[in-house]
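Student:
In our numbering, the protein residues as written are 5 to 78.
Structural data, given as structure tokens:
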């Protein structure tokens, strides 16, 4: 199913609640990934426990990026 079709179907099911849908890719920024895993709801995981592992990974990617960005600004 395409991302657009998922979004339409979720919007139909969850009306009148607004729906934001993001399919994570390898190139998703550390900040976006961190926010998704902090605030988002997992609709599907390809393997059991993958959401929790990716949640941990997102935290560390974000922390590393924040540290490097702060260092670059100094």
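Glycine included, C-beta positions come from ideal geometry on N, C-alpha and C. This structure is a prediction, so every number in the text was calculated from the model and none was measured.
Using C-beta distances below 7 Å, list every residue in its chain close to residue 26, excluding the 5 sequence neighbours before and after it, in chain order.
Tutor: 40
Student: What number of angstroms, rounded off, separates the C-alpha of residue 61 from the C-alpha of residue 73?
Tutor: 18 Å
Student: Could you check the C-alpha separation between residue 37 and residue 49 for me, to the nearest Å?
Tutor: Straight-line Cα distance between these residues: approximately 15 Å.
Student: Do you know whose CA, among 24, 77, 19, 20, lies nearest residue 8's CA?
Tutor: 24
Student: Tell me the residue span of the alpha helix (DSSP H) that contains residue 8.
Tutor: From DSSP, the alpha helix (DSSP H) with residue 8 extends over 7-18.
Student: With a cut-off of 8 Å on the beta carbons, I'd call residue 56 and residue 34 a contact; round off their distance for me.
Tutor: That belief does not hold up - the Cβ atoms of residue 56 and residue 34 are roughly 18 Å apart, past 8 Å.
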